[in-house]
Amino acid sequence: MKYTEKERTNIRFEAGRCLYCYDAPCIKGCPANIDIPEFIKAIRELHDTRAARIVYDDNPLGAICAEICPSDELCRGKCTLAKQGKPINIPLLQHYAVQNILPDEDPIHYTGKKVAIIGAGPGGMAAAAFLSRHGILARIYEQSKKLGGVLNSTLPTERIPDGSIEMDFKRILSMNIEIHYNKTLGKNVHLKDLVKGNDAVIIATGLRSKKIDIKGSGHSNVFFADDFLKLARPAKPKKLGGHVIVIGGGDVAMDCATQALKTARRVSLYYRRGRNEMPASHEEIQRAEEHGVSLNYLCSPVQINRNNSGDLFLEFIENTLVEDKRGRPKPVAIKNTGFKVKCDGIVFAVGQTADEQLFRDLGFALDGNLPEIGDDYQSSVDNVYLVGDIVNGGGTVVEAVKLAKEVANLILEEL
Ligand SMILES: Cc1cc2nc3c(=O)[nH]c(=O)nc-3n(C[C@H](O)[C@H](O)[C@H](O)COP(=O)(O)OP(=O)(O)OC[C@H]3O[C@@H](n4cnc5c(N)ncnc54)[C@H](O)[C@@H]3O)c2cc1C
Ligand code: SF4
C-alpha cells in the first residue's frame, strides 16, 4: 500500500506522541512480545525498514495482526496514554511499518534439520517462519489447496483487506519452506512416517465447529458456523431467506449474525445464558447490535420442524441460571416454557472443537475435546508438539504466533 505525503506526516506525528515508557505496558499487552516503542522510535527517526524488521522479528504475521488483532484488549488497551483516552494507534503504526520490509539479507546457515508441520493456518505458518530463520527446513502439510486456515476460509472477508495475508505469506514462502497441499494427516500423510522422517513434528490443525444433535438439524437451510461462514464469503453470498436465527453467544456467533445480515431482512440471535455470561467480546456484541441483530437470552433450542409449506420452526425452552459445583452459572430449563419461532434459516455457532476422532486414531490422549499437552507443548506422542487453537481451545491469530514462537524455541533447544 502506498501512503500519501499527508498520511506519512500523520503517522510520524502519531509516532512522536509515544512516551517510550520504561516498563512499556504495550509490550506486556502484546502476546507476540513485539518491541513496540522500539519500532515506533524507528518510524519517528525515519528508519522505516528497521521498524519493519523489529515487527517481523517477533511476529512473522505482522501485516495480518495489524489488521485483525483485538488491539483495544491488547497493546493499545494497555498503552500508558489509554488512561487519558488517547492511546497510541499501534495497529496503524504497525501497518505502516510492515509495508517497508525488504527481503531478508542475512545469509541463513542451513543446519540440515527438518521439522514437519501439519496445517498451514496462522500457527503452522508462523512456526515455519521461526524455524526456517534458524536454518531448519520446515515442511508444511496442508489438507486444502490454500494457505491461511481460518484467514482464508471462514473469517469474514471485510475483516482483512486484500494484500495483508499475501504480504506476510509471500515473505514466509521465500524462506526455506516446503508446502505440500492436499495432504491430510491421518489419510494421505501418516504421523509415524513424519516422526521417522523429521527431527520433530508440529501439529497445528486448528478447530472446527462443534456439532449438536437436535431433532431436525438435518433439514436444509440449517448450518453449523464453519459451513455457513464459508458460504457467506463470496461476493454473492448464499441467501438463507428473510429471517435467520443464530444460536450461540461467542465471537463466532456474532460473526455469523452479522454475515447473515448481508442477505437476510432480520437476524435473531439466541443464547442459553444471560448477556453478562456471553463469551463474545463487548465490542463484538455491540457491533452485532449496531448492525441490527436482535439478541435474546436464557433460551435453548429443542427441536426443528418444517411444515408442509416449507416453513422452518425452531422450538425453544426458557432457562434459568443455577450455580454449578464450581460456582459457574448453569442454564437449567424451566418446565412448560416452550415456544416456537418461524424462520427461513438457522446457524448453530455453539463452540469449537478439535478433530477428536483424528487424535484418537493417532493414539493421542485427550483432555476434554483437545489433545492433552505437557508444559513443554509436547503431546502424549514423543517429539510431536502442538501449536495454535488446538492448544488454547480457540484464541486469536497473535496467540497462535506466540505459541508458534515458544514451540519453535523449544525445538531449537532440543536440536
Ligand atoms: C469466524 C472466526 C473469526 C475470527 N476472527 C478473528 C479476529 O478477528 N482476530 C483474530 O486474531 N483471530 C480471529 N479468529 C481466531 C483465529 O482465526 C484463530 O485463532 C487462528 O486461525 C488459529 O490458527 P491455527 O493455525 O491454530 O488454526 P487454523 O486457522 O484453523 O488453521 C488450521 C489449518 O490446518 C489445516 N488442517 C486441519 N486438519 C488437517 C489435517 N488433518 N491434515 C492437514 N491439514 C489440516 C486446515 O485446513 C487449516 O489450514 C477468528 C476465528 C474464527 C473461526
Ligand atoms: S505504552 Fe504507549 S506511550 Fe508507552 S511505549 Fe507503549 S505505545 Fe509508547
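Sequential numbering of the sequence shown, starting at 36, is according to the numbering used here. Note that CB positions come from ideal geometry on N, CA and C, so glycine has one too. Please read all numbers here as calculations on a predicted model, not as lab measurements.
Checklist entry - Among GLY170, ASP92, ALA163, CYS53, which residue has its Cα nearest to the Cα of LEU116? => result If you number the sequence shown from 1, residue 116 lands on position 81. Cα-wise, what sits closest to LEU116 is CYS53.
Next on the checklist: So the candidates are HIS225, LYS222, ALA163; which of them puts its Cα closest to the Cα of LEU208?
Outcome noted: The count along the sequence shown starts at 1 and reaches residue 208 at position 173. It is ALA163.
Next on the checklist: Between LEU54 and ligand 2, is there a pair consisting of the residue's CB and a ligand heavy atom that are separated by less than 6 angstroms?
Outcome noted: Taking the first residue of the sequence shown as 1, we reach residue 54 at position 19. Yes, Cβ of LEU54 sits closer than 6 angstroms to a heavy atom of ligand 2.
Checklist entry - Do the CB positions of LEU438 and VAL426 come within less than 7 angstroms of each other? => result As a first step, residue 438 is located in the sequence shown; it is residue number 403 there, counting from the start. As a first step, residue 426 is located in the sequence shown; it is residue number 391 there, counting from the start. Going by C-beta atoms, LEU438 is nearer than 7 angstroms to VAL426.
Item to check | Limits of the unbroken alpha helix (DSSP H) element including PRO72 | outcome: Here residue 72 corresponds to residue number 37 of the sequence shown, with the count starting at 1. 71-79 is the extent of the alpha helix (DSSP H) around PRO72.
Next on the checklist: One question on the structure: do ALA384 and LEU405 come within less than 7 angstroms of each other, judged by their Cβ atoms?
Outcome noted: The count along the sequence shown starts at 1 and reaches residue 384 at position 349. The count along the sequence shown starts at 1 and reaches residue 405 at position 370. Cβ distance not < 7 angstroms, so ALA384 and LEU405 don't count as in contact.
Checklist entry - Which residues in the same chain have their Cβ closer than 8 angstroms to the Cβ of ASP359, if we skip the five residues on either side of it in sequence? => result Position 324 of the sequence shown, counted from the start, is the residue given in the question as residue 359. Closer than 8 angstroms at the Cβ level, and outside the excluded window around ASP359, lie LYS365.
Next on the checklist: Using a Cβ-Cβ cutoff of less than 6 angstroms, which residues in the same chain neighbour GLU177 once the five nearest sequence positions on both sides are dropped?
Outcome noted: Here residue 177 refers to the residue found at position 142 of the sequence shown. Same-chain partners within the cutoff: ALA155, TYR216.
Checklist entry - Heavy atom of ligand 1 less than 6 angstroms from the Cβ of THR431, yes or no? => result Taking the first residue of the sequence shown as position 1, residue 431 is located at position 396. For ligand 1, at least one heavy atom lies less than 6 angstroms from the Cβ of THR431.
Item to check | C-alpha distance - LEU166 paired with SER415, whole-angstrom precision | outcome: Position 131 of the sequence shown, counting from 1, holds the residue named residue 166. Position 380 of the sequence shown, counting from 1, holds the residue named residue 415. Each residue's alpha carbon lies about 22 angstroms from the other.
Checklist entry - Who are the near neighbours of PHE399 in its chain, counting only those whose CB is closer than 8 angstroms to its CB and skipping five residues on each side? => result Within the sequence shown, the letter at position 364 stands for residue 399. Within the same chain, PHE399 has close Cβ partners PRO406, GLU407, SER414, SER415, VAL416.
Checklist entry - Who pairs with ASP197 in a beta bridge, going by DSSP? => result What you label residue 197 is simply residue 162 of the sequence shown in a count that begins at 1. Bridge partners of ASP197: none, in fact.
Next on the checklist: Is the beta carbon of ALA292 closer than 7 angstroms to that of HIS281?
Outcome noted: Sequence index remark: in the sequence shown, residue 281 carries index 246 (1-based). Sequence index remark: in the sequence shown, residue 292 carries index 257 (1-based). Correcting the residue identity first, residue 281 is Val in this sequence and not His. Yes, these two residues count as a Cβ contact at 7 angstroms.
Checklist entry - Counting Cβ pairs closer than 8 angstroms, one from the stretch 250-263 and one from the stretch 196-212, do we hit at least three? => result no
Next on the checklist: I'd like the span of the beta strand (DSSP E) that includes ARG361, first residue to last.
Outcome noted: Within the sequence shown, the letter at position 326 stands for residue 361. No beta strand (DSSP E) holds ARG361; DSSP gives it neither H nor E.
Item to check | Residue environment, MET478, which counts as buried when at least 16 other CB atoms sit within 10 Å | outcome: Any answer about residue 478 is impossible in this case: the structure gives the chain only from 36 up to 450.
Item to check | Segment limits, beta strand (DSSP E) that includes ALA163 | outcome: Here the question's residue 163 lines up with position 128 in the sequence shown. Segment 157-167 is the alpha helix (DSSP H) holding ALA163; no beta strand (DSSP E) there.
Next on the checklist: Using the Cβ count rule (16 or more neighbours within 10 Å means buried), how would you classify LYS231?
Outcome noted: As a working mapping, residue 231 is identified with position 196 in the sequence shown. The residue is exposed, with fewer than 16 neighbouring Cβ atoms inside 10 Å.
Checklist entry - Grouping DSSP H, G and I as helix and E and B as strand, with all else coil, what is LYS265? => result Taking the first residue of the sequence shown as 1, we reach residue 265 at position 230. Helix.
Next on the checklist: Taking the alpha carbon of THR192 as the reference point, which residue from ARG88, ASP346, GLY159, ALA270 has its own alpha carbon closest?
Outcome noted: Counted from its first residue, the sequence shown places residue 192 at position 157. Measuring from the Cα of THR192, the nearest candidate turns out to be ALA270.
Checklist entry - Applying the criterion that 16 or more other CB atoms from any shown protein chain within 10 Å of the CB defines a buried residue, is SER329 buried or exposed? => result On the sequence shown, residue 329 is found 294 positions in, with the first residue counted as 1. It counts as exposed.
Checklist entry - What three-state label does DSSP hand GLU324 in the structure shown? => result Translated into the one-based positions of the sequence shown, residue 324 becomes position 289. If DSSP states are grouped into helix, strand and coil, GLU324 belongs with the helices.
Item to check | PHE351, DSSP secondary structure in three states | outcome: For the purposes of this step, residue 351 is taken as residue 316 along the sequence shown, with counting starting at 1. Reduced to three states, the DSSP call for PHE351 is strand.
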